[in-house]
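**Q**
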Amino acid sequence: MALPSSMKTLLQASRDFTALISTTSPLPTPSHPSDVLVRVHATAPCAGELFWVVNFPDVIPASKELVPCQDLAGTVVSAPPDSGFAPGDRVYCRINAERAGAARDYALARVDELAKIPEGLSWVEAAATPLSALTAWQALFVQGPLDKAGLDKNNLQARRANGYVRVLVTGAAGGVGSWVVQLAALAGAKAVVAVCGPDKKEAVQQLGATEVINYRDTTIENWVAVGPEARECDLVIDMIGGKTLAGCWSAVRAGGSLISVNTPPDVVKPAGLDKELAKSLFFIVEPLGSNLIEIGELIKTGKAKPTIDSVWEFDDFEKAFERLESGHAKGKIVIKVSEEA
Ligand SMILES: NC(=O)c1ccc[n+]([C@@H]2O[C@H](COP(=O)([O-])OP(=O)(O)OC[C@H]3O[C@@H](n4cnc5c(N)ncnc54)[C@H](OP(=O)(O)O)[C@@H]3O)[C@@H](O)[C@H]2O)c1
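As numbered in the UniProt record's numbering, the sequence shown has no gaps in its residue numbers, which increase by one up to the final residue, 341.
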């Protein structure tokens, strides 16, 4: 198939400003041995991503072409021989934030980032999945103590071990949080405590939350104080940072794990708190296709699914980012790139 010579593209116009412009640019050319050229059908932005270039200069190289939206769902145009991918394959992935994103008609992903889209998942659903599901997967099963083997209901040993783990998650109805709730429940955690606003209670319960804290009614500290022995958790996963993360220190039991994907927990540790944890850490998601294959199995068998807040036309990218940065999304915000999406 003949490729066009230029394509529509979103660009962060300057490293100093978060404003985006819609423009045209030449198609990207594979230059790395594992580059796969993909025709993009749908993509999804991540909360706060337009600030990364300023906030994470060590992660985002000066040479990055500032195309936003690292989540990709599309069709392979060309792939290295023996890569396991061929033209026409329906694929999805998280493109490493070091490289240009997928808010354009064609994008480059690396072989080890990609996975084939599970049957039955639409372009929009596929674009909603990679970053959020990967972050939740790695928070629970790589950084956290839950055993992914417990996702198999027949693995009684793993499920018995997971059955001792109480999990609490903030931002529970957002993109990442909605996956944390589902995966923790599926893996057989003892309890899944979801911290969210009042309008999201039902949604998180449907995903598997066993207890819900309405953060507009009470603080995490006050909720725990009612009965610390029963309410403290073994694993606390935070999306929000600030006062919410500070409050998470009261929710994690001594010897437990406190993980944030927003801010290093020690930065907001309450002064004078004498509590030793097994782990308190911030991590950046690894864009691994191998994890996406495992997540895809859960999707294929109907055990898990992405939660979608809203779907936007490409030209409405400003509205999509406004909705995202409102901080109140119920799942992922997806931008359609091609007519097929
Ligand atoms: N480190 C990494 O690798 C990594 C990876 C992915 C994401 N992240 C970061 O993780 C964060 C979450 O991302 P996301 O995509 O899940 O965000 P999102 O989809 O925008 O979710 C935001 C959610 O947070 C809830 N919320 C807001 N304030 C809250 C509070 N005080 N307590 C509890 N819930 C609250 C909102 O619900 P209400 O409407 O009810 O307020 C909303 O559902 C972002 O900061 C993002 O940059 C980091």
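Idealized CB from N, CA, C, for every residue including glycine. These figures come from a predicted structure and were not determined experimentally.
Is I240 near ligand 1, judged by its Cβ being under 7 Å from some heavy atom?
**A** The answer is yes for I240.
**Q** Cβ-heavy atom distance between Y92 and ligand 1 below 7 Å?
**A** No.
**Q** Below 6 Å CB to CB, which residues in the same chain sit around A149 once its five sequence neighbours on both sides are set aside?
**A** The answer, listed in chain order, is N155, A158.
**Q** Is L292 a contact residue of ligand 1, with contact defined as CB to any heavy atom under 7 Å?
**A** L292: no, Cβ never under 7 Å from ligand 1.
**Q** Would you kindly report the start and end of the unbroken beta strand (DSSP E) that includes A44?
**A** That run of the beta strand (DSSP E) goes 35-44.
**Q** Could you tell me which of D147, K243, V337 sits nearest to L186, measuring between CA atoms?
**A** For the residues D147, K243, V337, the minimum Cα distance to L186 belongs to D147.
**Q** Would you decide whether D199 is buried or exposed? Buried here means 16 or more other CB atoms lie within 10 Å of its CB.
**A** Exposed: under 16 other Cβ atoms inside 10 Å.
**Q** Exposed or buried, residue 358, counting other C-beta atoms within 10 Å across all chains shown (16 or more means buried)?
**A** The structure shown does not extend to residue 358, since the chain is modelled only from 1 through 341, so no value can be given for it.
**Q** Am I right that L114 and C93 are in contact with their C-beta atoms under 8 Å? What's the rounded C-beta distance?
**A** Yes, L114 and C93 are in contact; Cβ-Cβ is about 5 Å, under 8 Å.
**Q** If we ignore side chains and look at the alpha-carbon of each, how far apart do I95 and V226 end up?
**A** Roughly 43 Å separates the two Cα atoms.
**Q** Output yes or no for whether 8 Å exceeds the beta carbon distance between G177 and V169.
**A** In this structure, V169 lies closer than 8 Å to G177 by Cβ.
**Q** Once the 5 residues before and after G74 are set aside, which same chain residues still bring their CB inside 6 Å of it?
**A** Once the five neighbours on either side are set aside, the close Cβ partners of G74 are V38, R39, V40, H41.
**Q** Would you identify the three-state DSSP class for K305, choosing helix, strand or coil?
**A** Coil.
**Q** Are there any heavy atoms of ligand 1 lying less than 7 Å away from the beta-carbon of T135, as far as the coordinates show?
**A** True, at least one ligand heavy atom lies under 7 Å from that Cβ.
**Q** So what's I295 in DSSP terms, helix, strand or just coil?
**A** It is helical.
**Q** In chain order, what residues of the same chain lie with their CB nearer than 6 Å to the CB of Q70, ignoring the 5 residues before and after it?
**A** Taken in chain order, the residues that qualify are R94, I95, A97, G101.
**Q** Quick check on the DSSP output: the beta strand (DSSP E) that includes L20 runs from which residue to which?
**A** Its beta strand (DSSP E) spans residues 20-26.
**Q** So A173 packs on K8, CB below 8 Å; how close in whole Å?
**A** Actually they do not touch by this definition, with Cβ atoms about 32 Å apart.
**Q** Quick check on S63: does DSSP put it in helix, strand or coil?
**A** Reduced to three states, the DSSP call for S63 is coil.
**Q** Comparing the CB of H328 with every heavy atom of ligand 1, is any distance shorter than 7 Å?
**A** Because some heavy atom of ligand 1 lies under 7 Å away, the Cβ of H328 counts as near it: yes.
**Q** Roughly how many whole angstroms lie between the Cα atoms of D16 and R160?
**A** Each residue's Cα considered, the two are about 50 Å apart.
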